[in-house]
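S.K.: Below are the structure tokens for one structure; questions will follow.
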Amino acid sequence: MSNTIFRLKRVLKENESLRNIKRSMRSDKYQKQTLKWFHDTSVFAQFNLKEFCNNVRPLAAKNPSFVKALRVLCEPESVNAFVVEWKNKHGELMRNNGWRCNYSSLLGACRGGVRFHPSVNQDVIVALAFEVSVQNALTNLPMGGCFMGSDFNARICCDADVQSFCNAFVVAVRKELPANWPLDITCDLGCGPRECAMLAAAHAGVVNSATGKPFPQVVGRPAAAGLGAVEFGKLFCRIPSFDKTRCLVSGSGDCALTVARNLIAEGAVVLTLSDSSGFVHCATGITYLQWQRINEHRQYRIPLRDIVSEDGWLRGLVWRAGDIWQQGISADYAFPCAHELEIDIKEAEVLADRSKIKAVLEVSYTATSDDAQSYLVYRKVKIAPSKAVNAGAMVALGMHLAEKMDKAEFEHEIKSFMSYLHDQCRSVYDSYYPDIYFKEAVDICALLKLAKIMKEKDII
1 MSNTIFRLKR
11 VLKENESLRN
21 IKRSMRSDKY
31 QKQTLKWFHD
41 TSVFAQFNLK
51 EFCNNVRPLA
61 AKNPSFVKAL
71 RVLCEPESVN
81 AFVVEWKNKH
91 GELMRNNGWR
101 CNYSSLLGAC
111 RGGVRFHPSV
121 NQDVIVALAF
131 EVSVQNALTN
141 LPMGGCFMGS
151 DFNARICCDA
161 DVQSFCNAFV
171 VAVRKELPAN
181 WPLDITCDLG
191 CGPRECAMLA
201 AAHAGVVNSA
211 TGKPFPQVVG
221 RPAAAGLGAV
231 EFGKLFCRIP
241 SFDKTRCLVS
251 GSGDCALTVA
261 RNLIAEGAVV
271 LTLSDSSGFV
281 HCATGITYLQ
291 WQRINEHRQY
301 RIPLRDIVSE
311 DGWLRGLVWR
321 AGDIWQQGIS
331 ADYAFPCAHE
341 LEIDIKEAEV
351 LADRSKIKAV
361 LEVSYTATSD
371 DAQSYLVYRK
381 VKIAPSKAVN
391 AGAMVALGMH
401 LAEKMDKAEF
411 EHEIKSFMSY
421 LHDQCRSVYD
431 SYYPDIYFKE
441 AVDICALLKL
451 AKIMKEKDII
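Note that my numbering has the sequence shown beginning at 1, numbered continuously upward.
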């Protein structure tokens, strides 16, 4: 009798698994169709979109109606390509390519970031816009996602050239947008406070209006990103503070420096910062005074190698060539803040096996590759995705916090929101555990919020 009951339970379980597989296939069919739409955009199709569809499969398996919401979230509403013509300081006519991509205006006005770098192309902008749209859906604020950028290299240009380019860039972008479009952006690779301030000034001149005070907009958002990343990191790792923990930080832009500053304020031992030529390492931890000196020099785009060799206050820091993630520096937590996919399988092996990292907290968009994530999970290293970790900047952007609050109120609002965001993602994670990882819970949470809005508007 007991054997019969056991066989019956096994058959029922197999049938239930078969039904779940059939439901999942609907998500797979949609994924294949979506990949066909974007067959010429390798980064977006092969990584961002494919990963997202895989992550939300448990939700689609339970309720196939979410596939429609998935389509709205995954399909860009517009991708604009344009040419930016500007004159350099010698009066020569220069040409650069520019792009802008919008997602999910159903959520609200599209807001996001801007990037100026020679590596920028349409594929990169679409991928970044998608990441921002998912991130904005997580914030529960009325914002769609967008990203714009150009293959212009601002780092090698003087202020006059950058101003000329920014003026031309705003004019070129405006041709594709309504007359009263807002310039609400966050700093990204190659576009720091200088470029954002120039874009804001150019935008105010073109549309004869401003979206707020330019200086707080530029300064407040990197500060929000750094503060939010550290706050989310504590909640994710379930620790009261980063005090006395050893942390690796990559990058030395505004976002990386604000992350390092907040970690130092927490009492953490910040071991590293990096740039495109190498990294600086301090075995005893970078002090706040040393951080101030580095921050002052980096505002003028001075390489870390030159900063360490010329500034007498930084004698305890050692500059080294190479990849920061391949050095095997012993640490507790890693904060990749430099660029996309900076941690691949080789770097993941070093972090897990030699550095003995406990958690990777992505600050830059999609900082770890798919293979790296798989290996880190296999080695029981926690991964917090950038969509959640880096959400502080978009919160400040959507609520214009830096324009109407003092420092204490600003920090309180960011910390409160990051706590709310973590609790939402953790709730989804706990409801599906152990079938999903935390990064999948973040994507499911974003899709749930979009689907809720679509249901309220009778779209699904």
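Glycine residues also receive a C-beta, built at the ideal position from the N, C-alpha and C atoms.
From Val-496 to Val-377, what does the alpha carbon distance come to, in whole angstroms?
M.R.: Since the first and last residues shown for the chain are 1 and 460, residue 496 lies out of range.
S.K.: Per the contact definition of three or more C-beta pairs closer than 8 Å, is the stretch 245-265 in contact with the stretch 429-449?
M.R.: Not touching, per the Cβ criterion.
S.K.: Taking the C-alpha atoms as reference points, what is the distance between Lys-455 and Lys-346?
M.R.: Sequence index remark: in the sequence shown, residue 455 carries index 455 (1-based). Sequence index remark: in the sequence shown, residue 346 carries index 346 (1-based). Distance between the alpha carbons of Lys-455 and Lys-346 is about 44 Å.
S.K.: Can you grab the Cα-Cα spacing for the pair Val-83 / His-339, in whole Å?
M.R.: Reading the sequence shown from its first residue, position 83 is the one you call residue 83. Reading the sequence shown from its first residue, position 339 is the one you call residue 339. So the alpha carbons of these two residues sit roughly 25 Å apart.
S.K.: Taking Cβ to Cβ, would you say Gly-233 is nearer than 8 Å to Ala-384?
M.R.: By 1-based counting over the sequence shown, the position of residue 233 is 233. By 1-based counting over the sequence shown, the position of residue 384 is 384. Taking 8 Å as the Cβ cut-off, Gly-233 and Ala-384 qualify as a contacting pair.
S.K.: Please list the terminal residues of the continuous alpha helix (DSSP H) segment that includes Glu-131.
M.R.: Position 131 of the sequence shown holds residue 131. Run containing Glu-131: 122-139, per the alpha helix (DSSP H) assignment.
S.K.: For Leu-450 and Ser-427, what's the separation of their Cα atoms in angstroms?
M.R.: For the purposes of this step, residue 450 is taken as the residue at position 450 of the sequence shown. For the purposes of this step, residue 427 is taken as the residue at position 427 of the sequence shown. When rounded, the distance between both Cα atoms is 17 Å.
S.K.: Under a Cβ-count criterion, where at least 16 other Cβ atoms within 10 Å of its own Cβ denotes burial, should Ala-160 be classed as buried or exposed?
M.R.: Residue mapping note: residue 160 aligns to position 160 of the sequence shown, counting from 1. Classification for Ala-160: exposed.
S.K.: Let me know if Arg-71 comes out buried or exposed under the rule of 16 or more other beta-carbons within 10 Å of its beta-carbon.
M.R.: As a first step, residue 71 is located in the sequence shown; it is residue number 71 there, counting from the start. Answer is exposed; the Cβ neighbour count stays below 16.
S.K.: CA-CA distance, Glu-342 and Val-360?
M.R.: For the purposes of this step, residue 342 is taken as the residue at position 342 of the sequence shown. For the purposes of this step, residue 360 is taken as the residue at position 360 of the sequence shown. Between Glu-342 and Val-360, the C-alpha separation is close to 12 Å.
S.K.: Tell me the DSSP bridge mates of Pro-84?
M.R.: Start at 1 with the first residue of the sequence shown, and residue 84 comes out as number 84. Before going further, note that residue 84 is Val rather than Pro in the sequence given. BP columns for Val-84 point to Asn-96.
S.K.: Whole beta strand (DSSP E) runs in the stretch 369-420 with 3 or more residues, listed along the chain?
M.R.: Runs found: 382-384.
S.K.: Count the other CB atoms within 10 Å of the CB of Ala-265; is the residue buried (16 or more) or exposed (fewer)?
M.R.: For the purposes of this step, residue 265 is identified with residue 265 of the sequence shown, where counting begins at 1. Classification of Ala-265: exposed, given that the 10 Å Cβ count is below 16.
S.K.: Which residues mark the beginning and the end of the alpha helix (DSSP H) in which Thr-258 is found?
M.R.: For the purposes of this step, residue 258 is taken as the residue at position 258 of the sequence shown. Segment 254-266, the alpha helix (DSSP H) holding Thr-258.
S.K.: Rounded to the nearest angstrom, how far is the Cβ of Val-381 from that of Ile-357, given a contact under 8 Å?
M.R.: Here residue 381 refers to the residue found at position 381 of the sequence shown. Here residue 357 refers to the residue found at position 357 of the sequence shown. Rounded, the Cβ-Cβ distance is 6 Å, consistent with contact.
S.K.: Count the other CB atoms, across all protein chains shown, that sit within 10 Å of the CB of Asp-353; report buried if there are 16 or more and exposed otherwise.
M.R.: Sequence index remark: in the sequence shown, residue 353 carries index 353 (1-based). Exposed: under 16 other Cβ atoms inside 10 Å.
S.K.: Taking 8 Å as the threshold, find out whether the stretch 191-201 comes into contact with the stretch 110-128 through three or more Cβ pairs.
M.R.: Yes, they touch.
S.K.: Cα separation between Phe-130 and Asn-80?
M.R.: Translated into positions along the sequence shown, residue 130 becomes position 130. Translated into positions along the sequence shown, residue 80 becomes position 80. Using only the alpha carbons, I get a separation of about 15 Å.
S.K.: How long is the line joining the alpha carbons of Cys-445 and Ile-453, rounded to whole angstroms?
M.R.: For this step, residue 445 is matched to residue 445 along the sequence shown. For this step, residue 453 is matched to residue 453 along the sequence shown. For Cys-445 and Ile-453, the distance between alpha carbons rounds to 13 Å.
S.K.: Okay, do the stretch 264-283 and the stretch 385-395 touch, 3+ Cβ pairs below 8 Å being the bar?
M.R.: No: the two stretches stay apart, fewer than three of their Cβ pairs being nearer than 8 Å.
S.K.: Could you check where the beta strand (DSSP E) with Leu-248 kicks off and where it finishes?
M.R.: Along the sequence shown, read from residue 1 onward, the residue named residue 248 stands at position 248. That run of the beta strand (DSSP E) goes 246-249.
S.K.: Assign Ser-431 to one of three DSSP states: helix, strand, or coil.
M.R.: Along the sequence shown, read from residue 1 onward, the residue named residue 431 stands at position 431. Helix, per DSSP.
S.K.: Using 8 Å for Cβ pairs, my map puts Leu-271 next to Ile-329. What's the rounded Cβ distance?
M.R.: The residue given as residue 271 occupies position 271 in the sequence shown. The residue given as residue 329 occupies position 329 in the sequence shown. The Cβ separation is near 6 Å, so the contact holds.
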